[in-house]
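Numbering (UniProt numbering), first residue to last: 1 to 293.
All C-beta atoms, glycine included, are put in the ideal place defined by N, C-alpha and C.
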């Protein structure tokens, strides 16, 4: 009787899983496998693909423009990640306190997160306009001549970082709010009895117990940072003078502007290896600073 029931359950399991497995195969496994094969070929869409082995990867390591885009991506990460994590932490700590209009502030900080990058980029292009932008207007009130921002190679990446932090800081805030809500309140009550100041409470209780959530936030922030594209393409198109050219922008340009599909696939797999390697190192060394008890 039990074996008959198990066979019936197995049939239902197969019936309900089959559509998802077909979708997974067609839109995940098959494209990924094809992309890997394509990275060993020369293909420009108009002519048949030609197997060239490691040719694309060899060219990749001698491509100065590509390595410049790698450097620009790391520049973005070094500015963006600390700002968005620290900003999200500050907002989470402020919103977590019992204040008036708490829900209003939560919603206000989260609205940019659900906004499209097209809208956000256009807003920030207006704010950063060197002649009429609100940012330079504010700076002029203090006697500071604002830079050309998106038109200045020295400031363009910083401008993109500002826009990215403004859009994403609310997401990090929500993640950290979840971590803060899991910290037992009695620890704070006991620390007050022992005479701990709010500053000591933060360093001795809040921060250590928040490290698992911080680790998660750091992981997803880093992974997303390596894939920066939308804001760069809309705000600067990789300029000025290639100052904001990043890895995904180079992949897109090689694939759809130059029709170098095989070369773009090789770049994509390099990016995958880079993200995988950094994520692996993060997981390996998390025990040194993440506290799970």
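Close CB contacts of residue 108 within its chain, under the 8 Å cut and outside five residues either way in sequence, are absent. Three or more Cβ pairs drawn from the segment 27-45 and the segment 256-266 lie within less than 8 Å of each other, which places the two stretches in contact. When rounded, the separation of the alpha-carbon atoms in residue 279 and residue 268 is 16 Å. Residue state for residue 42 is assigned as strand, using DSSP reduced to three classes.
Separation of residue 27 and residue 33 (C-alpha to C-alpha, rounded to the nearest whole angstrom) is 11 Å. Every alpha helix (DSSP H) stretch that sits fully inside the segment 45-125 and reaches 4 residues is listed by chain position as 55-60, 64-96 and 102-114. If you draw a straight line from the Cα of residue 105 to the Cα of residue 86, it is about 18 Å long. Residue burial annotation: residue 111 is exposed, with fewer than 16 other C-beta atoms found within 10 angstroms of its C-beta. Residue 197 sits exposed, since fewer than 16 C-beta atoms from the chains shown fall within 10 Å of its C-beta. For the set 47, 214, 46 and 174, the Cα lying nearest the Cα of residue 81 is the one of 214. Nearest Cα to residue 114 within the set 143, 223, 281 and 170: 170. If you look at residue 144, you'll find it isn't in any alpha helix (DSSP H); DSSP assigns it neither H nor E. The beta carbons of residue 156 and residue 121 sit no closer together than 8 Å.
Here residue 172 is not near residue 187, since their CB atoms are 8 Å or more apart. Under the three-state reduction of DSSP, residue 227 is assigned to coil, being neither helix nor strand. Here DSSP, grouped into helix, strand and coil, assigns residue 258 to coil. Counting along the chain, residue 152 sits inside no alpha helix (DSSP H), nor does DSSP assign it H or E at all. Residue burial annotation: residue 245 is buried, with at least 16 other C-beta atoms found within 10 angstroms of its C-beta. Annotated as proximal: residue 289 and residue 211, with beta-carbon spacing under 8 Å. Looking at the backbone, the Cα of residue 177 and that of residue 43 are separated by about 48 Å.
A Cβ-Cβ distance of about 6 Å is found for the pair residue 128 and residue 135, placing them in contact under the 8 Å criterion. In the DSSP assignment, residue 193 falls within the unbroken alpha helix (DSSP H) covering 185-193.
A Cβ-Cβ distance of about 4 Å is found for the pair residue 149 and residue 159, placing them in contact under the 8 Å criterion.
Contact annotation: the segment 236-251 does not touch the segment 6-20, with fewer than three C-beta pairs closer than 8 Å.
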